[in-house]
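Undergrad: Quick note on the numbering used here: the sequence shown kicks off at 1 and runs consecutively.
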Amino acid sequence: MKALVVGGTGPTGPYIVNGLLERGYEVAIFHRGAHEIPEIPPEVEHIHGDPHFLETIEESLKGRTFDLAIVTYGRVRFLAEALVGKVGRFVSVGGVASYRGYMKAAQLSPVGMSIPVSEDDPVVASEEEHRFSYLIAQTEQTVLEYHPEAAHFRYPYVYGPRQLVPREWAIMRRVLDKRPHIIVADAGLSLSTHGYVANLAHSVLLAADKPEESAGQIYNCGDETQYTMSQIIEVVAAKMNHKFELINMPYELALPARAYVTGPSTHHRLMDISKIKSQLDYRDVNPVDEALGLTVDWL
Numbered sequence: 001m002k003a004l005v006v007g008g009t010g011p012t013g014p015y016i017v018n019g020l021l022e023r024g025y026e027v028a029i030f031h032r033g034a035h036e037i038p039e040i041p042p043e044v045e046h047i048h049g050d051p052h053f054l055e056t057i058e059e060s061l062k063g064r065t066f067d068l069a070i071v072t073y074g075r076v077r078f079l080a081e082a083l084v085g086k087v088g089r090f091v092s093v094g095g096v097a098s099y100r101g102y103m104k105a106a107q108l109s110p111v112g113m114s115i116p117v118s119e120d121d122p123v124v125a126s127e128e129e130h131r132f133s134y135l136i137a138q139t140e141q142t143v144l145e146y147h148p149e150a151a152h153f154r155y156p157y158v159y160g161p162r163q164l165v166p167r168e169w170a171i172m173r174r175v176l177d178k179r180p181h182i183i184v185a186d187a188g189l190s191l192s193t194h195g196y197v198a199n200l201a202h203s204v205l206l207a208a209d210k211p212e213e214s215a216g217q218i219y220n221c222g223d224e225t226q227y228t229m230s231q232i233i234e235v236v237a238a239k240m241n242h243k244f245e246l247i248n249m250p251y252e253l254a255l256p257a258r259a260y261v262t263g264p265s266t267h268h269r270l271m272d273i274s275k276i277k278s279q280l281d282y283r284d285v286n287p288v289d290e291a292l293g294l295t296v297d298w299l
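#1: Let me check understanding here. Comparing Cα to Cα, which of 103, 90, 58, 97 lies closest to residue 82?
#2: Counting Cβ pairs, one atom from each stretch, are 3 or more of them under 8 Å apart for the segment 168–186 and the segment 64–81?
#3: Under the assumption that residue 160 contacts residue 280 (Cβ atoms under 8 Å), give the Cβ distance between them as a whole number of angstroms.
#4: To the nearest angstrom, report how far apart residue 121 and residue 194 are at their CA atoms.
#5: Taking the beta carbon of residue 239 as the centre, do at least 16 other beta carbons fall within 10 Å, making it buried, or is it exposed?
#6: Can you give me the start and stop residues for the beta strand (DSSP E) that residue 26 sits inside?
#7: Quick one: what's got a C-beta closer than 7 Å to residue 337's C-beta in the same chain, skipping five residues either side?
#8: Since residue 134 is in the alpha helix (DSSP H), which residue starts that stretch and which ends it?
#9: Please report the residue range of the beta strand (DSSP E) in which residue 71 lies.
#10: Using three-state DSSP, classify residue 35 as helix, strand or coil.
#11: Reducing DSSP to helix, strand and coil, say where residue 87 ends up.
#12: Kindly examine the ligand FAD and report whether one of its heavy atoms sits closer than 7 Å to the Cβ of residue 224.
#13: In the DSSP output, which residue or residues are listed as bridge partners for residue 2?
#14: What's the gap between the Cα of residue 17 and the Cα of residue 6?
#15: By the 10 Å Cβ neighbour count, where 16 or more other Cβ atoms means buried, how is residue 1 classified, buried or exposed?
#16: Among the residues of its own chain, which have a CB less than 6 Å from the CB of residue 249, if the five just before and after it don't count?
Below you can see the structure in the form of structure tokens.
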């Protein structure tokens, strides 16, 4: 069986690529070739091209067919169109920012998202609400229009190896500086769903393992256990044999805390992952404490 991974060298990419190899797939990755990483084995074919434009996608993949495509990079809506008739199964990755209220909590009444947010909660329906979120939501619909049997995964904030803007480093830097205090916004009590790289990759690979169960479905992803920001700080610091005194400030004044608050406010952004657990039997590969420790080790 042949599999195409669009991307493959980002945070979750190597786990997906190697997971497919373990399942017996012959794997090719389609990316720009801007950075190659040693985690991709030499037997993996590299198709270098730009996955952001329909013309370059069609040129790069001309005459190629695959049993499975996992799209984690580029413009997913163009890739969905270009791969019609070329793949047996289409699996794509988007983000949880498609939900109404994720970027602008005041769009909902009462203010803030429901706890937890299920896949059936409303998504942004117009550019006027929030252009970026609207484009994410429209891409999901485009995928299912071109590939009714597709599976689509909504990634949360991704942490772990190869994360370009790691929130943990902002905490670790303060530990290395031997600072006794750390500022937290609104007591550090907000809950947002995060996902460790290996756990999110495992979520996506379940679509390859269970094509019938996942056909035509959209799934929230994330670690099974979620910590508040103050708990994340505590775990990261403890891994480095350090203990902070937390200094609470209102979000509006806690400017130093913006480096590790993964959102435009401290409203909760907690995703319901019961669907992927019940339909695809998802369980964490790395529990959150272990995952945070591995992240610290990587950094």
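A virtual CB, placed ideally from N, CA and C, is assigned to each residue, including glycine.
Given the structure is predicted, the values throughout are model-derived calculations rather than measurements.
TA: Once the coordinates are examined:
#1: In terms of CA proximity to residue 82, 58 leads the group 103, 90, 58, 97.
#2: In short, these stretches do not touch, since the Cβ pair count stays below three.
#3: With 8 Å as the limit, residue 160 and residue 280 do not qualify as a contact, their Cβ atoms being about 21 Å apart.
#4: Residue 121 and residue 194: Cα-Cα distance of roughly 19 Å.
#5: By the neighbour-count rule (16 or more Cβ atoms within 10 Å), residue 239 is buried.
#6: That run of the beta strand (DSSP E) goes 26–31.
#7: Not covered by the structure: residue 337. The range shown for the chain is 1 to 299.
#8: If you look at residue 134, you'll find it in the alpha helix (DSSP H) that goes 131–146.
#9: 66–71 is the span of the beta strand (DSSP E), which, as asked, contains residue 71.
#10: Looking at residue 35 - three-state DSSP - the assignment turns out to be coil, as it is neither helix nor strand.
#11: Collapsing the DSSP output to three states places residue 87 in a strand.
#12: In the structure shown, the ligand FAD is absent, as is every other ligand, since no ligand is present at all.
#13: Residue 2 pairs with 26.
#14: Cα to Cα, residue 17 sits roughly 10 Å from residue 6.
#15: By the Cβ neighbour-count rule, residue 1 is exposed, with fewer than 16 other Cβ atoms within 10 Å of its own.
#16: Residues of the same chain with a CB within less than 6 Å of the CB of residue 249, apart from the 5 flanking positions on each side, are 183 in chain order.
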